[in-house]
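Numbering (numbering that gives the first Met the number 0), first residue to last: 0 to 151.
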Amino acid sequence: MEPIRILFVCHGNICRSTMAQCVMQHMVDERGLSDRFVIDSSATTNEEIGNPIYPPARRKLNAEGVPVVPHRARRIRADEADAWDYIVCMDEENIWHLQRILGAHNMGKVTKLLEHAGVHRDVADPWYTGDFDATYRDVVDGCSALLDSLVG
């Protein structure tokens, strides 16, 4: 069985998408499903390329007992659209950027994370709010719902 491939995407790939990658990997590992998933994250911009997870995001994950995966920010490439089963972004701006990067024909696999939890809003952006607790709650809600929809 081929693994389910999930790519989380946000603006810079140092806060929200990386938190989602870590949370989803932790959830998958805790359920003993690691061999059934490939999980990664990326940015829609070049601003943070090569940078590690933002320190306050790392602190929040550590405080919640979520292991931080080895990570350096990277930008999604147009040629990798076919490599992912799910491209899960954090907000409307990400969708706009992804349409430019991936092309309209690849947007069928793009969703917003909180849509999986039945919530039609963006994941709180801690870069602007400084509220990593709210972002963490959004990420957990979205990742839990997505994982449940994939494995029951």
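Every residue, glycine too, gets a C-beta built ideally from N, C-alpha and C. Quick caveat: nothing in here was measured; it's all calculated off a predicted structure.
| Item | Value |
| --- | --- |
| Delimiting residues of the alpha helix (DSSP H) encompassing Ile94 | 91-101 |
| N- and C-terminal bounds of the beta strand (DSSP E) containing Cys88 | 85-88 |
| Three-pair Cβ contact test at 8 Å for the region 51-70 versus the region 81-92 | no |
| Contact check, Ala42 vs Ile75, beta carbons under 8 Å | yes |
| Three-way DSSP call (helix, strand, coil) for Val67 in this model | coil |
| Arg76 in three-state terms, based on DSSP | coil |
| Simplified DSSP state of Arg30, which is helix, strand or coil | coil |
| Inter-residue Cα distance where the pair is Thr17 and Asp39 | 8 Å |
| Strand pairing of Ala42, partner residues [DSSP] | Cys9, Arg74 |
| CB contact below 8 Å: Phe7 versus chain C | In the structure shown, chain C cannot be found, because there is only a single protein chain. |
| Ala62: CB within 7 Å of a non-hydrogen atom of the ligand GTP | As for the ligand GTP, it is missing from this structure, which has no ligand bound. |
| With 16 other Cβ atoms within 10 Å as the buried cut-off, status of Arg99 | exposed |
| Cα-Cα separation between Pro51 and Lys111, rounded to whole angstroms | 23 Å |
| Helix, strand or coil at Thr37 [DSSP, three-state] | The amino acid occupying residue 37 in the given sequence is Val; Thr does not appear at that position. Strand. |
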